[in-house]
Amino acid sequence: MLSDFTYKFYNSPLLKYSIAYLTGILIGSRFAIPATYLLHISLFLSLLILVIYYFCFKKRVSLIEYSLSYTAILSFIILGWLNISISDFSSLKARKSKLSDCKTIFSYCIIKERPAVKQKYTKIEVLLPEFNEGMILYLDKNFPCNELGIGDTILAKLTPSDVRNFEGSDFDYAGFLSKKGIYSTSYVKACDLAIHKLKKFSFFDRINRLRESYISKVSGMTGKGAESATLLAITIGDKSFLDPDTKNAYSASGTMHLLAVSGLHVGFIYSFLSFALILLGNSAYSKIIRLIIIVSTLWIYALIVGFSPSITRAVIMATIYEICKNMERDRIGMNTLSLSALVITIIKPQALFDIGFQLSFVALLSIIVIHPKIGHLCTPKNAIIKYIWATLSISLACQIGTSLITITTFGFFPLYFLLANLIAIPLSAIILYVALGQIVFIGNTVISAIISDLLIFLSGLLNSFVARIESLPYAIIDLSLNNGQILSVVLIIVVYSTDIINDTIIRKYVFLGLIANFVMCSL
Numbered sequence: 001m002l003s004d005f006t007y008k009f010y011n012s013p014l015l016k017y018s019i020a021y022l023t024g025i026l027i028g029s030r031f032a033i034p035a036t037y038l039l040h041i042s043l044f045l046s047l048l049i050l051v052i053y054y055f056c057f058k059k060r061v062s063l064i065e066y067s068l069s070y071t072a073i074l075s076f077i078i079l080g081w082l083n084i085s086i087s088d089f090s091s092l093k094a095r096k097s098k099l100s101d102c103k104t105i106f107s108y109c110i111i112k113e114r115p116a117v118k119q120k121y122t123k124i125e126v127l128l129p130e131f132n133e134g135m136i137l138y139l140d141k142n143f144p145c146n147e148l149g150i151g152d153t154i155l156a157k158l159t160p161s162d163v164r165n166f167e168g169s170d171f172d173y174a175g176f177l178s179k180k181g182i183y184s185t186s187y188v189k190a191c192d193l194a195i196h197k198l199k200k201f202s203f204f205d206r207i208n209r210l211r212e213s214y215i216s217k218v219s220g221m222t223g224k225g226a227e228s229a230t231l232l233a234i235t236i237g238d239k240s241f242l243d244p245d246t247k248n249a250y251s252a253s254g255t256m257h258l259l260a261v262s263g264l265h266v267g268f269i270y271s272f273l274s275f276a277l278i279l280l281g282n283s284a285y286s287k288i289i290r291l292i293i294i295v296s297t298l299w300i301y302a303l304i305v306g307f308s309p310s311i312t313r314a315v316i317m318a319t320i321y322e323i324c325k326n327m328e329r330d331r332i333g334m335n336t337l338s339l340s341a342l343v344i345t346i347i348k349p350q351a352l353f354d355i356g357f358q359l360s361f362v363a364l365l366s367i368i369v370i371h372p373k374i375g376h377l378c379t380p381k382n383a384i385i386k387y388i389w390a391t392l393s394i395s396l397a398c399q400i401g402t403s404l405i406t407i408t409t410f411g412f413f414p415l416y417f418l419l420a421n422l423i424a425i426p427l428s429a430i431i432l433y434v435a436l437g438q439i440v441f442i443g444n445t446v447i448s449a450i451i452s453d454l455l456i457f458l459s460g461l462l463n464s465f466v467a468r469i470e471s472l473p474y475a476i477i478d479l480s481l482n483n484g485q486i487l488s489v490v491l492i493i494v495v496y497s498t499d500i501i502n503d504t505i506i507r508k509y510v511f512l513g514l515i516a517n518f519v520m521c522s523l
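In terms of this note's numbering, the sequence shown opens at residue 1 and continues consecutively.
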């Protein structure tokens, strides 16, 4: 009888190849080899696989079958290595700005993100085509920023300075921006820039304009307070309107994931659509129509909110899940997770080093691997208690998996994350569903006004609850882990959540040894 983990592992053929491919990306990020050599190796291995595959079916020899498997794994490692080598990762990794030696320059800048209006300045992320490099501009408060839009070009007098990390923070802000190709900032006076409005709109420009139109309508109907900012963050992942206090409250309570569009939001929308389309029936044509509506809606949503790694992963998995459900095939989560990881990193290999990518995939991997162990600890029969336990156990599994990333990146741990998510997750789901209703009735002034008031109330309620959690004593614990402690925690999680060690006695001694190693590494 196979255990749950063993069953998932053996029924997820893509898992080993995705691990091999990601390993190749990691190796390639450390050791640079000319892409020509890697291409020759890839071609040789591909030919070798074809030869082995031919003999494997001619003669069922175990050695040949094993050779085929290991050669394929090696090929994926080389392909990952090759892909990261030919990408622009090496230039991003260098953190070297082409503007380092420039004191003052005049340059055209294309606006890439919506201007964020602050109290003393306006922050804009731009691209300098002349240098193929990004920059953060801080515009004079006197400049009329309502005239600026995504895709517009400005001619500005720039005084570049290197991006620096914030004092007293463990977060590598400069490293975060360098992965986006941004290495410098500049303050620009209102008299030192001129606007060139975008006249020809590309497809993505039109999508951005649609997004901006939604933001304007939401702001017009709900105001521009903290509640409106939270609503925009939950619905489309735009956190630029959030004030620092609100961001800190969500971060300290362990609910920041609610403000970043991710698998949770896709799950809410998928559940809503699946329930709403039950009326179509279960005929073959109805299933196809339901599939088209659900998949199309999810991809349009991903397009509008921006193809971040977390939303892309979630939509790919939801698409595969819905297709498999219609074909009445097994829906192994680990296999679809592996496929989505491959798709994203084939298109953009440097996405592996994006913290959003890491948190998204590790969170879902934790649900697949760790949650079954935790979920089986309690099997309540009451529907309410069952829901509460499901929410707590999933939150705990996600936190166990992602805590190492958050602690090493941000240097703290939210102590009351279980309590916060127990209330915040269903409340954010209600906000998202009500916001969907607002879109449906956007043409009706009376109903839209009622829904807007309800959204303001719900968003304010969520903000108040999160702020209350933040105000509790010891809401966050400052933590710092060294490499030895991180390795110990990883091994503890692996041993607990898998059946690598079946013997109970050996398993217990391994746990004690890893805990002892963790303690010794902290001395």
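For every residue, glycine included, the Cβ atom is placed at its ideal position computed from N, Cα and C.
{"Asked": "Look at the alpha carbon of residue 494 and the alpha carbon of residue 126, and state the distance between them as a whole number of angstroms.", "Found": "43 Å"}
{"Asked": "Using CA atoms only, rank isn't needed, just tell me which of 281, 213, 148, 225 is closest to residue 459.", "Found": "225"}
{"Asked": "DSSP three-state call for residue 166: helix, strand or coil?", "Found": "coil"}
{"Asked": "Where does residue 261 fall in DSSP's three states?", "Found": "coil"}
{"Asked": "Cutting at 7 Å between CB atoms, please list the residues of its own chain near residue 465, excluding the five before and the five after it.", "Found": "423, 424"}
{"Asked": "So, at 7 Å on beta carbons, what are the nonlocal neighbours of residue 411 in its own chain, with the 5 sequence-adjacent residues on each side left out?", "Found": "170, 478, 479, 480"}
{"Asked": "Which two residues bound the contiguous beta strand (DSSP E) that contains residue 194?", "Found": "193-196"}
{"Asked": "Use the C-beta contact count for residue 471: other C-beta atoms within 10 angstroms, 16 or more gives buried, fewer gives exposed.", "Found": "exposed"}
{"Asked": "Specify the secondary structure class of residue 123 as computed by DSSP and reduced to three states.", "Found": "strand"}
{"Asked": "First and last residue of the beta strand (DSSP E) that includes residue 134?", "Found": "133-140"}
{"Asked": "State the start and end residues of the unbroken alpha helix (DSSP H) segment that holds residue 186.", "Found": "Run containing residue 186: none in the alpha helix (DSSP H); it sits in the beta strand (DSSP E), 182-188."}
{"Asked": "Along the chain, which unbroken stretches of the alpha helix (DSSP H) at least 4 residues long are found entirely within the region 363-396?", "Found": "371-375"}
{"Asked": "Which residues bound the alpha helix (DSSP H) around residue 102?", "Found": "No alpha helix (DSSP H) contains residue 102, which DSSP labels as neither H nor E."}
{"Asked": "Could you pull out every unbroken alpha helix (DSSP H) segment of at least 4 residues lying fully inside the region 205-232, listed in chain order?", "Found": "none"}
{"Asked": "Where does the unbroken beta strand (DSSP E) through residue 476 begin, and where does it stop?", "Found": "476-478"}
{"Asked": "Got a sec, what are the start and stop residues for the alpha helix (DSSP H) residue 32 sits in?", "Found": "First-last for residue 32: undefined, no H or E at that position."}
{"Asked": "Check the Cβ-Cβ distances between residue 313 and every residue of chain D, and say whether any is below 9 Å.", "Found": "Absent from the structure: chain D. Only one protein chain is present."}
{"Asked": "Would you mind giving the Cβ-Cβ distance between residue 137 and residue 109, rounded to the nearest angstrom? I have them listed as a contact below 8 Å.", "Found": "7 Å"}
{"Asked": "Shorter than 8 Å, the distance from the beta carbon of residue 348 to the closest heavy atom of the ligand GTP, or not?", "Found": "Of ligands this structure carries none, so the ligand GTP is not represented either."}
{"Asked": "Quick check on DSSP: helix, strand or coil for residue 1?", "Found": "Residue confidence for residue 1 is low, a pLDDT of 45 falling below 50, so the modelled location carries little weight; the figure read from the coordinates is stated next. Reduced to three states, the DSSP call for residue 1 is coil."}
{"Asked": "What are the start and end residues of each continuous beta strand (DSSP E) run of 3 or more residues lying completely inside the region 275-361, in chain order?", "Found": "none"}
{"Asked": "For residue 145, which of 431, 190, 300, 78 has the nearest alpha-carbon?", "Found": "190"}
{"Asked": "Out of curiosity, what's the CA-to-CA distance linking residue 409 and residue 432?", "Found": "29 Å"}
{"Asked": "Measure the beta-carbon distance from residue 89 to residue 24 and round it to whole angstroms, keeping in mind my assumption that it falls under 8 Å.", "Found": "About 13 Å; that fails the 8 Å criterion."}
{"Asked": "Give a yes or no on whether the C-beta atoms belonging to residue 80 and residue 37 are separated by under 9 Å.", "Found": "no"}
{"Asked": "Starting from the Cα of residue 232, find the closest Cα among 369, 378, 456, 386 and give me that residue.", "Found": "456"}
{"Asked": "Under 8 Å Cβ to Cβ from residue 73, same chain only, skipping five residues before and after it: list those, please.", "Found": "16, 17, 20"}
{"Asked": "Of the residues 100, 107, 114, 143, which one's Cα is nearest the Cα of residue 121?", "Found": "143"}
{"Asked": "Taking C-beta to C-beta, are residue 99 and residue 139 nearer than 9 Å?", "Found": "no"}
{"Asked": "Would the beta-carbon of residue 310 fall within 9 Å of that of residue 240?", "Found": "no"}
{"Asked": "Please go through the same chain and pick out, in chain order, the residues whose beta-carbon is closer than 7 Å to the beta-carbon of residue 299, but skip the five residues on each side of it.", "Found": "315"}
{"Asked": "Any contact of the region 375-395 with the region 353-363, i.e. 3+ C-beta pairs under 8 Å?", "Found": "no"}
{"Asked": "Please report how far the alpha carbon of residue 475 lies from the alpha carbon of residue 256, in whole angstroms.", "Found": "14 Å"}
{"Asked": "Do residue 114 and residue 215 have their C-beta atoms closer together than 9 Å?", "Found": "yes"}
{"Asked": "Which word fits residue 378, buried or exposed, when buried means at least 16 other C-beta atoms lie within 10 angstroms of its C-beta?", "Found": "exposed"}
{"Asked": "Residue 111 to residue 350, Cα distance in whole Å?", "Found": "23 Å"}
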